[in-house]
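Participant: A single structure is presented below for examination.
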Amino acid sequence: MMGLCYIRFGITKAISGKLTGSLQPQCDIYGKCGAFAVCYPEKEPICECLRGFEPVNLDEWSKGNWTNGCVRRTELQCRAPESKVDKFLQLKHIKVPDYAHWIFANEDACQRNCLGGCSCLAYSYYTGIGCMLWNESLVDLQQYSAHGADLFVRLANSELPDEIGSGRRKIIIAVMVILSAFVSIISIYYLWKWIGHRHAKRASVPPKEAQWQNIFHGATGSSSDFQDLPLFEFTKLAAATNDFSETNKLGRGGFGPVYKGKWEDGQEIAVKRLSRVSGQGLEEFMNEVLVISKLQHKNLVRLLGCCVEGEEKLLVYELMPNKSLDALLFDPNQRNVLDWQKRFSIIRGICRGLLYLHRDSRLRIIHRDLKPSNILLDEELNPKISDFGMARIFDSKQDQASTLRVVGTYGYMSPEYALQGRFSEKSDVFSFGVLLLEIVSGKRNHKFQDHESFNLLSYTWNLWNQNNMFSLIDPAILNQSFERQIFKCIQSFGHGHFDCCGYISLVAEFRYVLFQIAVVIYSWCWSFGHGHFETIFRLSNLK
10 MMGLCYIRFG ITKAISGKLT GSLQPQCDIY GKCGAFAVCY PEKEPICECL RGFEPVNLDE
70 WSKGNWTNGC VRRTELQCRA PESKVDKFLQ LKHIKVPDYA HWIFANEDAC QRNCLGGCSC
130 LAYSYYTGIG CMLWNESLVD LQQYSAHGAD LFVRLANSEL PDEIGSGRRK IIIAVMVILS
190 AFVSIISIYY LWKWIGHRHA KRASVPPKEA QWQNIFHGAT GSSSDFQDLP LFEFTKLAAA
250 TNDFSETNKL GRGGFGPVYK GKWEDGQEIA VKRLSRVSGQ GLEEFMNEVL VISKLQHKNL
310 VRLLGCCVEG EEKLLVYELM PNKSLDALLF DPNQRNVLDW QKRFSIIRGI CRGLLYLHRD
370 SRLRIIHRDL KPSNILLDEE LNPKISDFGM ARIFDSKQDQ ASTLRVVGTY GYMSPEYALQ
430 GRFSEKSDVF SFGVLLLEIV SGKRNHKFQD HESFNLLSYT WNLWNQNNMF SLIDPAILNQ
490 SFERQIFKCI QSFGHGHFDC CGYISLVAEF RYVLFQIAVV IYSWCWSFGH GHFETIFRLS
550 NLK
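Using this note's numbering, you'd call the opening residue of the sequence shown number 10 and step up by one each time.
Now the structure itself:
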């Protein structure tokens with residue numbers, strides 16, 4: 010079964026002006042270059058027709074009036090012989106048009122769907138979002154420097170001649186240049202390491218009171234923000250973890266391994282040692298230290314201190330005996346430990362932690378990387394949100410922000426963040442919704458696939474359309490005593506309309522905020538705890 014949904018990816022002019030008006034005011038004006046033209050913020054003039062198109066009014070275009078846009082030079086050859094079949098022009102890092110038809114299809118099927126219809130003018134496939142098709146004029150295209158999507162514009166065969174020969178020569182030259190540059194960079198890197206190692210041996214360890222100032226050299230922030238946070242010596246952490254031995258290794262995150270350690274007084278700790286090739290630099294490291302050191306909540310992991318010596322960057326946390334949620338939830342041998350009562354308790358705890366981050370803490374925090382591996386479990390399986398390296402601090406009046414550097418984990422990132430770099434409280438709500446689906450189903454979103462669905466979201470959508478949500482539930486938690494509560498949890502995903510409401514709506518404006526989610530979740534507790542509940546269907550009615 011193939012689902013079809015019509016969605017809008019754009020943002021309103023009012024919000025756009027507040028966020029990016031000072032950076033790219035011309036290209037942020039809706040339809041600045043008209044149809045079938047791209048706005049380039051860094052070029053002059055800023056508007057260019059797409060390849061295969063020409064200005065509708067050349068005189069007006071040359072005067073800088075681009076709103077009439079461009080028109081196709083050669084008409085499409087719909088259902089032409091194979092030798093003359095239409096081709097696609099690939100545009101990278103593009104802000105796609107606001108409205109699209111969204112279908113559940115993989116990348117190859119997405120192209121076939123567009124090519125098979127005479128009305129389809131362009132398509133885009135984005136990991137974690139899926140296939141988007143455009144049948145109307147392509148308006149408000151904008152070139153981004155880093156994020157955005159790859160847009161494939163349909164052109165007549167004659168507009169894209171065979172360039173295999175010249176392309177092969179270009180590839181060979183490019184590979185040779187890249188290899189030469191790579192060898193040079195590696196040589197310089199090892200020379201720099203050798204020189205730095207010699208200097209490090211000669212340098213003395215700075216006094217304790219000066220260490221924060223040294224750490225902050227070249228980093229954003231103020232050392233005064235961290236005066237109360239303990240600094241540990243690397244040798245002490247090495248001793249506590251048995252020199253970071255494999256037997257002490259608890260697991261590995263996105264930025265490096267985590268080790269179990271024990272102080273001399275018997276206190277157990279978890280030491281996160283950032284890999285030198287992880288991609289998390291000093292900025293992200295200090296951001297995590299700044300955020301988590303200022304927060305106090307029972308559903309957030311507690312930071313005990315850190316260590317920065319030379320190239321070593323380490324964070325010291327309280328030890329979580331049951332590791333992370335994904336270690337139990339997706340392990341066939343351990344998932345039965347998580348019955349519905351425990352899973353529901355974990356859902357409530359994550360909700361409390363997020364509500365604290367968004368509304369109740371001194372700082373207003375957007376996590377941006379909520380997923381099962383970042384939910385740690387203590388000895389009583391109480392959840393604690395961790396890994397704040399990607400978190401962003403909002404002021405009290407700020408509702409959303411944008412970035413050119415999109416970070417996080419595909420499958421948990423909201424569409425507006427993955428495609429346009431816009432994030433807000435509702436970006437975390439989308440991640441929370443995906444997390445709830447995984448908790449209820451016991452299936453991973455980004456690794457799930459069957460013959461009709463390419464991820465857990467599309468699978469849930471198909472079950473919803475088939476009125477068969479019963480099949481979504483993990484058999485390990487099926488229990489007649491809790492079936493009404495599980496059903497109510499499933500209902501909340503879509504609030505009766507899975508494609509446009511609830512937690513995981515593709516459109517941010519239709520999602521709940523955390524306060525609303527907390528009210529819904531705690532209403533379940535009240536209703537079931539007091540035995541008063543409105544008439545609902547049993548799980549057998551879902552089949």
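Each residue gets a CB set at the ideal place from its N, CA and C atoms; glycine is no exception.
Predicted model, so just to flag it, every value in this text is computed and none were measured.
Using DSSP bridges, identify the partner residues of Leu85.
Facilitator: Position 76 of the sequence shown, counted from the first residue, corresponds to residue 85. Looking at the DSSP assignment, Leu85 forms no beta bridge with any residue, so it has no partner.
Participant: Looking at Arg163: is its Cβ nearer than 8 Å to the Cβ of Cys127?
Facilitator: Counting from 1 along the sequence shown, the entry for residue 163 is found at position 154. Counting from 1 along the sequence shown, the entry for residue 127 is found at position 118. Not closer than 8 Å, so no.
Participant: Please confirm if the stretch 96-106 is in contact with the stretch 145-155, defined as three or more CB-CB distances below 8 Å between the two stretches.
Facilitator: yes
Participant: Measuring only the C-alpha atoms, how far is Pro266 from Cys36?
Facilitator: As a position in the sequence shown, residue 266 is number 257, starting the count at 1. As a position in the sequence shown, residue 36 is number 27, starting the count at 1. Going by the C-alpha atoms only, they are around 43 Å apart.
Participant: Per DSSP, which one or two residues make a beta bridge with Tyr572?
Facilitator: An answer regarding residue 572 cannot be provided, because it is not within the stretch 10 to 552 covered by the chain.
Participant: Are there 16 or more other CB atoms within 10 angstroms of the CB of Pro4, so buried, or fewer, so exposed?
Facilitator: Since the first and last residues shown for the chain are 10 and 552, residue 4 lies out of range.
Participant: Just confirm the distance between the C-beta atoms of Ile394 and His376, as a whole number of angstroms; I'd bet it's less than 8 Å.
Facilitator: If you number the sequence shown from 1, residue 394 lands on position 385. If you number the sequence shown from 1, residue 376 lands on position 367. About 7 Å; that satisfies the 8 Å criterion.
Participant: Below 8 Å, how does it come out for the stretch 315-322 and the stretch 357-372: are there three or more Cβ pairs, yes or no?
Facilitator: no
Participant: Mind checking Tyr198: buried by the 16 CB within 10 Å criterion, or exposed?
Facilitator: The residue you call residue 198 lines up with position 189 of the sequence shown. Per the 10 Å Cβ criterion, exposed.
Participant: Can the beta-carbon of Ser480 be found closer than 8 Å to that of Leu465?
Facilitator: Along the sequence shown, one-based indexing puts residue 480 at 471. Along the sequence shown, one-based indexing puts residue 465 at 456. Their beta carbons are not under 8 Å apart, which means Ser480 does not touch Leu465 by this criterion.
Participant: Rounded C-beta distance between Leu59 and Cys79? I'm assuming under 8 Å.
Facilitator: Start at 1 with the first residue of the sequence shown, and residue 59 comes out as number 50. Start at 1 with the first residue of the sequence shown, and residue 79 comes out as number 70. Taking a contact as a CB-CB distance under 8 Å, the pair Leu59 and Cys79 counts as one, their CB atoms being some 7 Å apart.
Participant: Determine which residues share a DSSP beta bridge with Phe97 and list them.
Facilitator: Locating residue 97 in the sequence shown gives position 88, where the first residue counts as 1. Note: Phe97 sits in a beta bridge opposite Arg163.
Participant: Using the Cα positions of Leu553 and Gly398, report the straight-line distance between them to the nearest angstrom.
Facilitator: Here the chain comprises residues numbered 10 to 552, so residue 553 is not present and cannot be evaluated.
Participant: Only counting runs of 3 or more residues, tell me where the beta strand (DSSP E) segments fall wholly within the stretch 245-326, in order along the chain.
Facilitator: 258-262, 265-271, 277-282, 312-318
Participant: Exposed or buried, which one is Cys123 when buried takes at least 16 other CB atoms within 10 Å?
Facilitator: Translated into positions along the sequence shown, residue 123 becomes position 114. Buried is the call here.
Participant: Grab me the residues of Tyr572's own chain with a C-beta within less than 6 Å of its C-beta, minus the 5 sequence neighbours each way, in chain order.
Facilitator: Nothing in the structure corresponds to residue 572, since the chain is present only between 10 and 552.
Participant: Would you identify the three-state DSSP class for Ala485, choosing helix, strand or coil?
Facilitator: The count along the sequence shown starts at 1 and reaches residue 485 at position 476. In the structure shown, Ala485 sits in a helix (DSSP, three-state: H, G or I).
Participant: What are the boundary residues of the beta strand (DSSP E) that Gln475 is part of?
Facilitator: On the sequence shown, residue 475 is found 466 positions in, with the first residue counted as 1. Taken as a continuous stretch (DSSP letters only), Gln475 belongs to no beta strand (DSSP E), as it is neither H nor E.
Participant: Count the other CB atoms, across all protein chains shown, that sit within 10 Å of the CB of Ser193; report buried if there are 16 or more and exposed otherwise.
Facilitator: Position 184 of the sequence shown, counted from the first residue, corresponds to residue 193. Burial call: exposed.
Participant: Which two residues bound the contiguous beta strand (DSSP E) that contains Ser621?
Facilitator: The chain is shown from 10 up to 552; residue 621 falls before or after that span and cannot be answered.
Participant: For Pro330 and Asp387, which I take to be in contact (beta-carbon distance under 8 Å), what is that distance rounded to the nearest angstrom?
Facilitator: Indexing the sequence shown from 1 puts residue 330 at position 321. Indexing the sequence shown from 1 puts residue 387 at position 378. Pro330 to Asp387, Cβ: 7 Å. Contact.
Participant: Val415 and His156: beta carbons closer than 8 Å?
Facilitator: Taking the sequence shown and counting its residues from 1, the one referred to as residue 415 is at position 406. Taking the sequence shown and counting its residues from 1, the one referred to as residue 156 is at position 147. In this structure, His156 lies closer than 8 Å to Val415 by Cβ.
Participant: If you measure between the beta carbons of Glu69 and Asn77, is that distance less than 8 Å?
Facilitator: For the purposes of this step, residue 69 is identified with residue 60 of the sequence shown, where counting begins at 1. For the purposes of this step, residue 77 is identified with residue 68 of the sequence shown, where counting begins at 1. Yes. Within cutoff.
Participant: Could you pull out every residue in the same chain whose Cβ sits closer than 8 Å to the Cβ of Ser405, ignoring the five residues on either side in sequence?
Facilitator: Sequence index remark: in the sequence shown, residue 405 carries index 396 (1-based). If we look at Ser405 and ignore the five residues flanking it on each side, its Cβ neighbours are Arg373.
Participant: Quick one: what's Phe403 bridged to in DSSP?
Facilitator: By one-based count along the sequence shown, residue 403 stands at place 394. Its beta-bridge partners are Arg373.
Participant: Using only CA atoms, which one of Gly73, Ser196, Glu242, Leu366 lies nearest to Gly43?
Facilitator: Locating residue 43 in the sequence shown gives position 34, where the first residue counts as 1. Comparing Cα-Cα distances from Gly43 to each of Gly73, Ser196, Glu242, Leu366, the minimum goes to Gly73.
Participant: Would you mind giving the Cβ-Cβ distance between Leu446 and Thr469, rounded to the nearest angstrom? I have them listed as a contact below 8 Å.
Facilitator: Here the question's residue 446 lines up with position 437 in the sequence shown. Here the question's residue 469 lines up with position 460 in the sequence shown. Their Cβ separation, rounded to whole angstroms, is 6 Å, which keeps Leu446 and Thr469 in contact under 8 Å.
Participant: Would Phe113 be called buried (16 or more neighbouring beta carbons within 10 Å of its own) or exposed?
Facilitator: The residue you call residue 113 lines up with position 104 of the sequence shown. Counting Cβ neighbours within 10 Å, Phe113 comes out buried, since at least 16 surround it.
Participant: Relative to the alpha-carbon of Leu324, which residue among Leu240, Arg401, Asn471 has its alpha-carbon at the smallest distance?
Facilitator: Working through the sequence shown from its first residue, we reach residue 324 at position 315. The candidate whose alpha carbon is nearest that of Leu324 is Leu240.
Participant: According to DSSP, which residues form a beta bridge with Gln151?
Facilitator: Counting from one through the sequence shown, the residue named residue 151 turns up at place 142. Gln151 is bridged to Cys48, Lys104.
Participant: Buried or exposed: Gly538, going by 16 or more other Cβ atoms within 10 Å of its Cβ?
Facilitator: To locate residue 538, count along the sequence shown from 1; it is residue 529. Below a pLDDT of 50, predicted positions are generally treated as unreliable, and Gly538, at 44, falls in that range; the measurement from the model is reported next regardless. Answer is exposed; the Cβ neighbour count stays below 16.
Participant: Please report the distance separating the alpha-carbon of Phe524 from that of Lys452.
Facilitator: Numbered from its first residue, the sequence shown carries residue 524 at position 515. Numbered from its first residue, the sequence shown carries residue 452 at position 443. Distance between the alpha carbons of Phe524 and Lys452 is about 27 Å.
Participant: For Ser440, I'd like the list of residues in its chain whose CB is within less than 6 Å of its CB, leaving aside the five on either flank, ordered along the chain.
Facilitator: Reading the sequence shown from its first residue, position 431 is the one you call residue 440. Counting only Cβ-Cβ distances below 6 Å, and skipping sequence neighbours, we find Leu379, Tyr421.
Participant: Between which two residues does the beta strand (DSSP E) carrying Ile55 extend?
Facilitator: Reading the sequence shown from its first residue, position 46 is the one you call residue 55. Where Ile55 is concerned, there is no enclosing beta strand (DSSP E), given that its DSSP letter is neither H nor E.
Participant: For Ser431 and Gln409, which I take to be in contact (beta-carbon distance under 8 Å), what is that distance rounded to the nearest angstrom?
Facilitator: By 1-based counting over the sequence shown, the position of residue 431 is 422. By 1-based counting over the sequence shown, the position of residue 409 is 400. Rather than Ser, the amino acid found at residue 431 in this sequence is Arg. Contact holds; Cβ gap of about 6 Å.
Participant: Near Glu297, what residues of its chain come up, given a Cβ to Cβ distance below 8 Å and the 5 sequence neighbours on each side ignored?
Facilitator: As a position in the sequence shown, residue 297 is number 288, starting the count at 1. Cβ within range, chain order: Leu324, Asp396, Phe397, Gly398, Ala400.
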